[in-house]
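There are 2 protein chains.
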Amino acid sequence: MHYAMNQKPSHVAGIKEIARALDISIGTVDRALHARAGVSHSTRDRVLKMAKKLNYRPNVAARNLKLNHRLKVGVFLPEQIALFYDRVREGIRAACATESGIGVDLVFHSFPRLGEGESNAIEKAGWQQFDGIIIAPGNSAELGPIFSKFEGQHKPVIFVTTDAARLPRLASITTDETASGGIAADLLGRVISSPAKVATITGDLRIQGHAEKLRGFAASLATLSPHLSLLPAIEAHESPADAYNAAVDLIKKHPDLGALYVSTANSLPVLLALEENGYLGKVLVITTDLFPELVPFIENGKVFASLYQRPFAQGKTAFEMLIRFLATRVAPKQITRLAPHIVLRSNLSLFINLVYNDDSSSLSI
Amino acid sequence: MHYAMNQKPSHVAGIKEIARALDISIGTVDRALHARAGVSHSTRDRVLKMAKKLNYRPNVAARNLKLNHRLKVGVFLPEQIALFYDRVREGIRAACATESGIGVDLVFHSFPRLGEGESNAIEKAGWQQFDGIIIAPGNSAELGPIFSKFEGQHKPVIFVTTDAARLPRLASITTDETASGGIAADLLGRVISSPAKVATITGDLRIQGHAEKLRGFAASLATLSPHLSLLPAIEAHESPADAYNAAVDLIKKHPDLGALYVSTANSLPVLLALEENGYLGKVLVITTDLFPELVPFIENGKVFASLYQRPFAQGKTAFEMLIRFLATRVAPKQITRLAPHIVLRSNLSLFINLVYNDDSSSLSI
DNA sequence: GCCCTTTACGGTAACGTACCCGCAAGCTTA
DNA sequence: TAAGCTTGCGGGTACGTTACCGTAAAGGGC
């Protein structure tokens, strides 16, 4: 038995076929199709109708050849944490490499840390020169003036890795942070069946994603795992020393701690603090993201799970969206929330080569 | 502070700049660059050197315009299970839509079920007419003769959703089935802390993926969750009635069953059997894939997790790889194993719109 | 010497589109 | 009525590449 459901690739017409069909010049057809001046209403209508009838599709190759414009895309990402943001950059580069239609020039700019120096970097680089921009917006207060200064220019900006809903943007790509927190709470509640205390260590709560993760965690804990009681969130401000001390404090205050959710990538000092005090293995730990030092902790089960934010996929998606918009001027979905990957010791091997980034040809896994 | 790491987009030369630099004709340059006949060795070398020196990049737009060849891609996928394979088709279509460079004609062919009628469909459709083929190879025994008949033609074939390692293929895209099984065993072992019996219900074990899932499950159970004892695998052959009866038998024989891993998408009859006998909620269940009927089971926690095989991402990746090969003749990584998504009630909402497929613009989440 | 083939290269017509120039008809204004 | 302007359209060129055709020059066989 055999079923064919062809959609016939029916002939697509060019601009000159329309001209021939209406016995007018291709110049006129061009003006009509592009709503340029110098065509009467009646002719324009006739052209548009015939274009639809003949199934006109502009030939992208010819257009690109003619208006030989290379696109310039500016990418503004933090240097820290390099292992994370380098994967974003790789995703962008990979997507750029597969782009066969239009010529794209990528210009990478860096600033020290998320929310630190990004507006500076943008202003120095010159917003103007880019056809589109990809950025991780850490400090929306600082970025606000820049965005409003260039308002009305409709420069397409795409946010990656974290969002800033107040700023006007073409699109934003992040993982679903609320879901990340929710998954952590869900898993902890499933594994720990009796009542227990749960703590969270987070990063800078002014960054949108961190707050969302916590909200998701708290909400999910209350509904899905009510037998777990949540301790007040500990904000570690991305500093290793802060995080270490906070963890030591925590286990001193709550020696009966059952579980811990580290919602920042800065989990290593926390793990060391737990290990040194003999709590690693006793406390069920869920972390965020993936980097080489974390691998052994997951491998030997001391860290139950880590929620991977898929930097490569984020970069790739952002670039694809931007180019698609620049080519077609059709706006993409404004908010895209990728599903975070749940990294366990059983599927760790699927992510490990990504982390060591020895295989740049690897896909957006 | 501001760090710029531009890789300068330095001027890229065209074919005629090389010609001018060497004071020869562009025809000669073209022949030299494409290793065509009619150029002396010395001139060829000079051209190639100058091409490198001037940073020659062929203008894809111009090339595509000139050799106006549309590519024809044949897609052969089963009809059953529609919700799964339709997502694969959507992924292919989505990738095709973003393809701006070359014109691609997609031709979809279907056959009833995986491994049933696929060789028939291919032979009827005519292997010859396609520049490339995407197929779900269920029955490698039947496909073998077809593949060997056309051996040496180097027709690029990409396998999706399941692999057939014996057949020559350009690439294969599946989820990592071994990891799927491993994740199931890992999670079950984490949630169930005391010794318990674990059963598996699988599909046709002649299909590569099903066997791999079981192997992964057994291996992972032995190493990560040794307190769980694995019962012999039950093969349900994709038939709903079979699956139902098998499940009833199972709980009759093992009323103390602790957990169940359904490694086929055909999990609904199993869930119904458990529900009718009051076992749903007592037995920890992990299923495979996602479809509307499964959603409420996950929502209310009766199914702990489901391992989603990302059909959309598989289709999209397969198409992108195929086109990239056809455009550049550079072979992709032969084996790509995507990480399956772990669907829990806490992240179910991220996948639910995919399942109801009301949003075809959604990404390869 | 002639004729034929081969080799190495020059020249050029497209591919479909965008954009500029030019021209005729109609209209306005002095 | 002449000069100037606007409107509506035709014609042509160029974008970078490929695929031909043409053609000198060199070589080989008679």
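In order, the protein sequence lines correspond to chains C and G.
Just so you know, we're using this note's numbering here: the first sequence kicks off at 393 and counts up by one.
Just so you know, we're using this note's numbering here: the second sequence kicks off at 393 and counts up by one.
Where a beta carbon is used, it is the ideal one built from N, C-alpha and C, also for glycine.
Nothing here was measured: the structure is a model prediction, and the numbers come from that model.
With fewer than 16 other CB atoms across the displayed protein chains lying within 10 angstroms of its CB, residue 692 of chain G is exposed. Neighbourhood of residue 745 of chain G in chain C, by CB distance below 8 Å: empty, with the nearest CB roughly 11 Å away.
Sequence-distant partners of residue 709 of chain C (beyond 5 residues in either direction) whose C-beta falls short of 6 Å from its own C-beta, in its chain, are 565. Using a Cβ-Cβ distance cut-off of 8 Å, the segment 560-576 of chain G and the segment 737-745 of chain C are in contact, since at least three pairs of beta carbons, one from each stretch, lie closer than that value. Here residue 481 of chain G is near residue 500 of chain G, since their CB atoms are less than 8 Å apart. If you check the CB distance, residue 463 of chain G and residue 494 of chain G come in under 8 Å. Under the criterion of beta carbons closer than 8 Å, residue 556 of chain G and residue 537 of chain G do not qualify as touching, at roughly 13 Å. For residue 700 of chain C, the uninterrupted beta strand (DSSP E) run begins and ends at 697-700, by DSSP.
With the rule of 3 Cβ pairs closer than 8 Å, the segment 549-563 of chain C does not count as touching the segment 672-685 of chain C.
Cα atoms of residue 599 of chain G and residue 731 of chain G: separation of roughly 19 Å, rounded to the nearest angstrom.
For the segment 651-669 of chain C, the set of positions with a beta-carbon nearer than 8 Å to some beta-carbon of chain G is empty.
8 Å or more divides the Cβ of residue 640 of chain C from the Cβ of residue 657 of chain C. In terms of CA proximity to residue 487 of chain C, C:714 leads the group C:729, C:723, C:721 and C:714. Interface criterion met: the Cβ of residue 453 of chain G is under 8 Å from a Cβ in chain C. Residue 443 of chain G sits away from residue 457 of chain G, with the two beta carbons spaced by 8 Å or more.
Following the DSSP letters along the chain, one finds residue 470 of chain C inside the beta strand (DSSP E) bounded by residues 463-470. The beta carbons of residue 628 of chain C and residue 594 of chain C sit about 7 Å from each other, so the pair counts as a contact at 8 Å.
If you look at residue 554 of chain C, you'll find it isn't in any alpha helix (DSSP H); DSSP assigns it neither H nor E. Here the alpha carbons of residue 563 of chain G and residue 540 of chain G stand approximately 17 Å from one another. Inter-residue distance for residue 465 of chain G and residue 446 of chain C is about 24 Å (C-alpha atoms, whole angstroms). With a cutoff of 8 Å on beta-carbon distance, residue 650 of chain C and residue 609 of chain C are scored as not near each other.
For residue 651 of chain C, the enclosing beta strand (DSSP E) begins and ends at 649-654. In the same chain as residue 440 of chain C, and ignoring 5 residues on each side of it, the C-beta atoms closer than 7 Å to its own belong to 424, in chain order. CA-CA distance, residue 601 of chain G to residue 554 of chain G, rounds to 6 Å.
Looking at the DSSP output, residue 505 of chain G sits in a beta bridge with G:472 and G:508. Here the alpha carbon of residue 690 of chain C sits roughly 23 Å from the alpha carbon of residue 626 of chain C. Judged by beta-carbon spacing, residue 535 of chain G lies within the 8 Å limit of residue 559 of chain G, meaning their Cβ atoms are closer than that value. For the pair residue 668 of chain C and residue 642 of chain C, the Cα-to-Cα distance works out to about 14 Å. Using a 10 angstroms sphere on the CB of residue 459 of chain G, the tally of other CB atoms stays under 16, which defines it as exposed. Within the same chain, and ignoring the five residues on either side of residue 525 of chain C in sequence, the residues whose Cβ sits closer than 6 Å to its Cβ are 466 and 549. Nearest to residue 572 of chain G by alpha-carbon distance, out of G:678, G:644, G:561 and G:727, is G:678. Closer than 8 Å to the CB of residue 505 of chain G there is not a single CB belonging to chain C.
In the three-state reduction of the DSSP assignment, residue 478 of chain C falls in the helix class, which pools H, G and I.
In this structure, residue 590 of chain C places its C-beta atom within 8 Å of the C-beta atom of residue 580 of chain C.
The criterion of a C-beta distance shorter than 8 Å is satisfied by residue 676 of chain C and residue 584 of chain C. Ranked by Cα distance from residue 711 of chain G, the options G:674, G:490 and G:407 are led by G:490.
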